[in-house]
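Numbering (our numbering), first residue to last: 2 to 315.
Before any comments, here is the structure.
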Ligand SMILES: CC(C)(COP(=O)(O)OP(=O)(O)OC[C@H]1O[C@@H](n2cnc3c(N)ncnc32)[C@H](O)[C@@H]1OP(=O)(O)O)[C@@H](O)C(=O)NCCC(=O)NCCS
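Structure, rendered in structure tokens:
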């Protein structure tokens with residue numbers, strides 16, 4: 002088995018592996034990965050996706066890729082097929098990760114590396130990260146079934162106004178995100194939250210690019226102060242499968258918390274998705290973010306899996 006540069010290969014070589022991976026995401030996360038897979042294959046064909054492939058007798062049975070975002074490297078994905086062909090798929094995952102981590106840590110100008118490996122159970126791929134000095138944060142993948150759950154009675158409120166997300170909200174939403182995550186564990190995991198320009202980049206990625214599903218404006222809302230019309234909080238959702246929504250962001254200004262605004266925003270999204278016959282809403286949350294975890298549990302979300310986020314600062 003050899004580990005080779007992904008740029009030696011074309012979409013035809015990688016497609017069978019991505020078909021396997023798409024099935025895995027469907028089975029374990031109710032997530033339609035086919036859009037992401039198509040995007041990855043386009044980049045592979047263009048020979049612009051940095052990464053590695055695990056190859057045996059000409060066949061690719063594992064791959065990992067990463068992207069550069071300024072002085073940061075982000076590990077995008079790791080997948081090894083486990084169709085009975087491999088005696089130890091975990092050893093292949095480790096070898097791929099060691100290559101990716103070493104490449105990123107040795108890349109000139111790279112002083113930060115982030116990875117969130119949603120499809121891998123906590124601990125399973127942690128060793129190469131821990132060995133290279135990464136911090137590890139447990140994250141939960143939670144789901145709320147929508148089909149049969151009764152619509153909760155929402156008390157009408159006069160102290161806040163909630164309306165749909167609109168284009169005009171970018172700048173104020175970035176300001177809310179930056180305040181909401183100041184000193185927060187999630188801004189250790191994702192450094193975009195630390196600055197206004199980073200939060201704008203985050204929003205732009207979520208709303209305009211189909212990386213984390215396709216942005217769903219109908220189930221995305223903002224909470225406003227009824228008199229001043231200033232933005233107090235927001236919830237953004239994407240569509241990750243035809244009938245599955247995913248919360249990509251929910252936050253409330255620190256001074257406005259514990260008044261039920263977070264809950265009201267989540268209810269607006271779940272009600273909208275229920276009306277549109279979605280069957281599931283999912284989200285990810287850092288385990289140490291106890292306040293948010295408690296809120297989701299109270300609303301009926303269940304933990305489907307625990308995965309890890311890794312961060313290295315050089
Ligand atoms: C998570 C977050 C969005 C929750 O928002 P929120 O508006 O404070 O949430 P709610 O008020 O609806 O519910 C949370 C708390 O308020 C309480 N609460 C709910 N309705 C209430 C009401 N009418 N009056 C008083 N308290 C109320 C809840 O019991 C809960 O208890 P707590 O005060 O012990 O935390 C907010 O804490 C936040 O922005 N955190 C930082 C960003 C973040 O972590 N986002 C989630 C990432 S996955």
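Even for Gly, the Cβ is constructed at its ideal location relative to N, Cα and C.
Measure the alpha-carbon distance for residue i versus residue j and round it to whole angstroms.
| i | j | result |
| --- | --- | --- |
| residue 270 | residue 242 | 16 Å |
| residue 164 | residue 253 | 15 Å |
| residue 34 | residue 78 | 12 Å |
| residue 51 | residue 265 | 42 Å |
| residue 317 | residue 310 | Missing from the structure shown is residue 317; the chain here goes from 2 to 315 and no further. |
| residue 11 | residue 49 | 11 Å |
| residue 128 | residue 98 | 10 Å |
| residue 37 | residue 216 | 14 Å |
| residue 106 | residue 307 | 26 Å |
| residue 184 | residue 27 | 35 Å |
| residue 160 | residue 227 | 7 Å |
| residue 276 | residue 255 | 31 Å |
| residue 193 | residue 143 | 23 Å |
| residue 104 | residue 64 | 15 Å |
| residue 302 | residue 141 | 11 Å |
| residue 69 | residue 87 | 31 Å |
| residue 158 | residue 179 | 26 Å |
| residue 182 | residue 244 | 30 Å |
| residue 39 | residue 22 | 12 Å |
| residue 279 | residue 222 | 17 Å |
| residue 55 | residue 235 | 42 Å |
| residue 148 | residue 262 | 24 Å |
| residue 288 | residue 8 | 36 Å |
| residue 246 | residue 238 | 6 Å |
| residue 41 | residue 81 | 15 Å |
| residue 219 | residue 120 | 27 Å |
| residue 213 | residue 248 | 10 Å |
| residue 169 | residue 232 | 11 Å |
| residue 125 | residue 186 | 22 Å |
Quick one: what does DSSP say residue i is sitting in, helix, strand or coil?
| i | result |
| --- | --- |
| residue 98 | helix |
| residue 133 | coil |
| residue 229 | coil |
| residue 184 | coil |
| residue 295 | helix |
| residue 161 | coil |
| residue 140 | strand |
| residue 307 | strand |
| residue 125 | coil |
| residue 268 | helix |
| residue 216 | strand |
| residue 222 | strand |
| residue 26 | helix |
| residue 196 | coil |
| residue 261 | coil |
| residue 210 | coil |
| residue 10 | coil |
| residue 109 | coil |
| residue 19 | helix |
| residue 86 | coil |
| residue 302 | coil |
| residue 49 | coil |
| residue 120 | coil |
| residue 273 | helix |
| residue 1 | For the chain, the structure presents residues 2 to 315; residue 1 sits outside this window and is missing. |
Could you tell me which residues DSSP pairs with residue i in its beta bridges?
| i | result |
| --- | --- |
| residue 146 | 281 |
| residue 166 | According to DSSP, residue 166 bridges with nothing at all. |
| residue 54 | 5 and 64 |
| residue 252 | 235 |
| residue 245 | 242 and 281 |
| residue 69 | 74 |
| residue 286 | 141 |
| residue 313 | 114 |
Does any C-beta atom of chain B lie closer than 8 Å to the C-beta of residue i?
| i | result |
| --- | --- |
| residue 274 | Among the chains in the structure shown there is no chain B, since it carries only a single protein chain. |
Under DSSP, the beta strand (DSSP E) around residue i begins and ends at which residues?
| i | result |
| --- | --- |
| residue 117 | 113 to 117 |
Please list the terminal residues of the continuous alpha helix (DSSP H) segment that includes residue i.
| i | result |
| --- | --- |
| residue 77 | From DSSP, residue 77 is part of no alpha helix (DSSP H) but of the beta strand (DSSP E) over 73 to 81. |
| residue 43 | 35 to 46 |
**OP:** May I ask you to verify whether the segment 172 to 181 touches the segment 199 to 218, counting CB pairs closer than 8 Å and requiring at least 3?
**Re:** Result yes; three or more Cβ-Cβ pairs closer than 8 Å.
**OP:** Tell me, please, whether the segment 274 to 283 touches the segment 207 to 216 by the rule of three or more beta-carbon pairs shorter than 8 Å.
**Re:** no
Original post:
Should the segment 108 to 120 be called in touch with the segment 59 to 77, which here means at least 3 C-beta pairs below 8 Å?
Top reply: In this structure the segment 108 to 120 lies against the segment 59 to 77, because at least three pairs of beta carbons, one per stretch, are closer than 8 Å.
Original post:
Touch check for the segment 10 to 22 and the segment 35 to 49: three-plus C-beta pairs under 8 Å?
Top reply: yes
Subject >> Meets three-Cβ-pair contact criterion under 8 Å: the segment 289 to 296 and the segment 87 to 103 >> reply: no
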